[in-house]
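**Q**
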Amino acid sequence: MNAPLPRLTSADAAGDKRLRICFPFSGDSIGGSHISVRGLMEHLDPALYRPIIVTEVPGGMIANFFARHEQLDDPAAHGLFVPGEAFTLRKFGRTLAGLLPRARFLRRNRIDIVHVNDGRSSANWALAARMAGAKLVWHHRGDPGALGLRLLAPALASRVLAVSSFALPHKGLWSARDRASVVHSPFDTSLEVDRAKARDALIRELGVSPDTLLLGYFGAFVPRKRPLLFVDMIARLKGLSGRPVMGLMFGEARLPVMDVALRRRTAEKGVGDQVKLMGYRTPGPFWIAACDQLVVPAVGEPFGRTLVEAMLVGTPIVAARSGGNIEALEGGLGILVEPDDAEALARACEGLGDTRPMALAAQADARSRFSEAAHATKVSAIYEALRPCAKEQ
5 MNAPLPRLTS ADAAGDKRLR ICFPFSGDSI GGSHISVRGL MEHLDPALYR
55 PIIVTEVPGG MIANFFARHE QLDDPAAHGL FVPGEAFTLR KFGRTLAGLL
105 PRARFLRRNR IDIVHVNDGR SSANWALAAR MAGAKLVWHH RGDPGALGLR
155 LLAPALASRV LAVSSFALPH KGLWSARDRA SVVHSPFDTS LEVDRAKARD
205 ALIRELGVSP DTLLLGYFGA FVPRKRPLLF VDMIARLKGL SGRPVMGLMF
255 GEARLPVMDV ALRRRTAEKG VGDQVKLMGY RTPGPFWIAA CDQLVVPAVG
305 EPFGRTLVEA MLVGTPIVAA RSGGNIEALE GGLGILVEPD DAEALARACE
355 GLGDTRPMAL AAQADARSRF SEAAHATKVS AIYEALRPCA KEQ
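The numbering of the sequence shown is the working numbering, which starts it at 5 and goes up by one.
1. Tell me the DSSP bridge mates of residue 55?
2. Would you kindly check if the distance between the Cβ of residue 300 and the Cβ of residue 271 is under 7 Å?
3. Could you say which of 101, 276, 361 and 287 lies nearest to residue 321 if we only look at CA atoms?
4. Residue 142 bridges to which residues according to DSSP?
5. Under the assumption that residue 161 contacts residue 178 (Cβ atoms under 8 Å), give the Cβ distance between them as a whole number of angstroms.
6. Thinking residue 31 and residue 106 are a contact (beta carbons under 8 Å), I'd like their distance in whole angstroms, please.
7. In terms of DSSP beta bridges, what is residue 191 paired with?
8. What's the C-alpha gap between residue 381 and residue 23?
9. Does the region 349-365 come close enough to the region 308-322 that 3 or more CB-CB pairs lie under 8 Å?
10. Would you call residue 376 buried or exposed, if buried means 16 or more other Cβ atoms sit within 10 Å of its Cβ?
11. Using alpha carbons as the reference points, say which of 278, 67 and 46 lies closest to residue 379.
12. Within the continuous beta strand (DSSP E) that includes residue 339, where are the two ends?
13. Residue ranges of each beta strand (DSSP E) run of no fewer than 3 residues wholly in the region 191-247, ordered along the chain?
14. Going by other Cβ atoms of all chains shown within 10 Å of its Cβ, with 16 needed for buried, is residue 174 buried or exposed?
15. Give the straight-line distance between the Cα atoms of residue 108 and residue 115, rounded to the nearest whole angstrom.
16. Check each candidate in 307, 277, 215 and 221 and name the one with the smallest Cα separation from residue 247.
17. Note down the Cα distance separating residue 278 from residue 206, rounded to an integer number of angstroms.
18. Following the continuous beta strand (DSSP E) through residue 77, name the residue where it begins and the one where it ends.
19. Just checking, does the region 334-351 make contact with the region 225-235 on the three C-beta pairs under 8 Å criterion?
20. Quick check: the Cα distance between residue 171 and residue 183, rounded to an integer number of angstroms?
21. Which residues does DSSP pair with residue 184 in a beta bridge?
Below you can see the structure in the form of structure tokens.
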């Protein structure tokens, strides 16, 4: 791996005429937004743009993930949000305390655009960006009913990017909808995995018969993604399928209470031998390719990465008819069933016949719609629309 680029200084910022774009990240865990931003940065024209990552934890997971890219430390990292922490006056106070240091930081480094990619980063940096005179690109990857998107984005965002039509701000008198665009998340569309070899490796690891139906759940074990519903579906399949079934759950619980609930549900349904917790694994596309089907029971999911990765590697998909799932699988590229219906999911998984035509169509569609180059082109056009008419000398 190449060494990190030198950190930005006030002096070299003043002599650099490229558009300077700051990507601040809160916390120190890696998710889809980090993968998307890294793909974007690697496709931006270096003659026009100077992207800079800002991290709360020097030398942490996020800093290492972007090790080949220019980085600066958050000047107010003491105000970081804690995942799962309730919104309190104390939490609000920590955010306010970081406003002036962050605004000074942006002015000192002559940042033109602050591009935020998650709710915590938006809360920490949105007002600071506007105080510093920088443009704010609010990249929304969550529920359209999110508090920040509804209340703060209309006042502070120069542009809103939504990962799907579902994630767009709702229309209304107080809304950022008129400044919003749909920009699908980027993917490495050159991705190729030998599914037969991947499946053989998984069969050997599990020690099951080759005729076993391997159904994969991929993602964090959080309520929105419906991990308990996946377990219920496997229990239904025990009585439907004429072949052995394994439900493979790739991911981890973010809170201990979900881990306890998942293990309890598995025991209650009597599927301890059919449901296996696989943990977080990388590269994800290899394990998706190893499964016979990807099952996406999530409700209100703006736009799932694993769903598109399944399309790219040719794994058939059964998903809830909800959120961004509908947009990704439009035109019969997967099987959509009613949300929160374990029986419907089970019957769809069992009833899939020859999936090759559907999988090939989904693969071709994903390669045309979700490339990193296409994503960078759309985002660059937005940056250009926000470019100052004349740079300060």
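C-beta atoms are modelled at their ideal positions from N, C-alpha and C, and glycine is treated no differently.
**A** Quick answer:
1. Numbered from 1 along the sequence shown, position 51 holds the residue referred to as residue 55. Checking the DSSP bridge columns, you'll see residue 55 partnered with 25.
2. Here residue 271 refers to the residue found at position 267 when the sequence shown is read from its first residue. Here residue 300 refers to the residue found at position 296 when the sequence shown is read from its first residue. The Cβ atoms of residue 271 and residue 300 lie no closer than 7 Å to each other.
3. The residue you call residue 321 lines up with position 317 of the sequence shown. Of 101, 276, 361 and 287, the smallest CA-CA separation from residue 321 is found for 361.
4. Taking the first residue of the sequence shown as position 1, residue 142 is located at position 138. Beta-bridge pairing links residue 142 to 120 and 164.
5. On the sequence shown, residue 161 is found 157 positions in, with the first residue counted as 1. On the sequence shown, residue 178 is found 174 positions in, with the first residue counted as 1. The C-beta separation of residue 161 from residue 178 comes to about 13 Å, leaving the pair out of contact by the 8 Å criterion.
6. Position 27 of the sequence shown, counting from 1, holds the residue named residue 31. Position 102 of the sequence shown, counting from 1, holds the residue named residue 106. Actually they are not in contact, since the Cβ atoms of residue 31 and residue 106 sit about 16 Å apart, beyond 8 Å.
7. Reading the sequence shown from its first residue, position 187 is the one you call residue 191. Under DSSP, residue 191 takes part in a beta bridge, and its partners are 375.
8. Position 377 of the sequence shown, counted from the start, is the residue given in the question as residue 381. Position 19 of the sequence shown, counted from the start, is the residue given in the question as residue 23. Cα-Cα distance, rounded: 15 Å.
9. Yes, the region 308-322 is in contact with the region 349-365.
10. As a working mapping, residue 376 is identified with position 372 in the sequence shown. Residue burial is scored here from C-beta neighbours: residue 376 has at least 16 other C-beta atoms within 10 angstroms and is therefore classed as buried.
11. Within the sequence shown, residue 379 is the residue found at index 375, counting from 1. Cα-wise, what sits closest to residue 379 is 46.
12. Looking up residue 339 in the sequence shown gives position 335. Start and end: 339-341.
13. Counting whole runs of 3 or more residues, the region 191-247 contains the beta strand (DSSP E) stretches 217-222.
14. Within the sequence shown, the letter at position 170 stands for residue 174. By the 10 Å Cβ count, residue 174 comes out exposed.
15. Within the sequence shown, residue 108 is the residue found at index 104, counting from 1. Within the sequence shown, residue 115 is the residue found at index 111, counting from 1. The straight-line gap from Cα to Cα measures roughly 10 Å.
16. Taking the first residue of the sequence shown as position 1, residue 247 is located at position 243. Nearest of 307, 277, 215 and 221 to residue 247, Cα basis: 215.
17. Residue mapping note: residue 278 aligns to position 274 of the sequence shown, counting from 1. Residue mapping note: residue 206 aligns to position 202 of the sequence shown, counting from 1. Looking at the two C-alpha atoms, the distance is approximately 14 Å.
18. The residue you call residue 77 lines up with position 73 of the sequence shown. Per DSSP, the continuous beta strand (DSSP E) segment holding residue 77 begins and ends at 75-77.
19. The region 334-351, when compared against the region 225-235, does touch it at the 8 Å Cβ threshold.
20. Here the question's residue 171 lines up with position 167 in the sequence shown. Here the question's residue 183 lines up with position 179 in the sequence shown. When rounded, the distance between both Cα atoms is 14 Å.
21. Taking the sequence shown and counting its residues from 1, one reaches residue 184 at position 180. DSSP, once it has assigned bridges, lists 164 as partnering residue 184.
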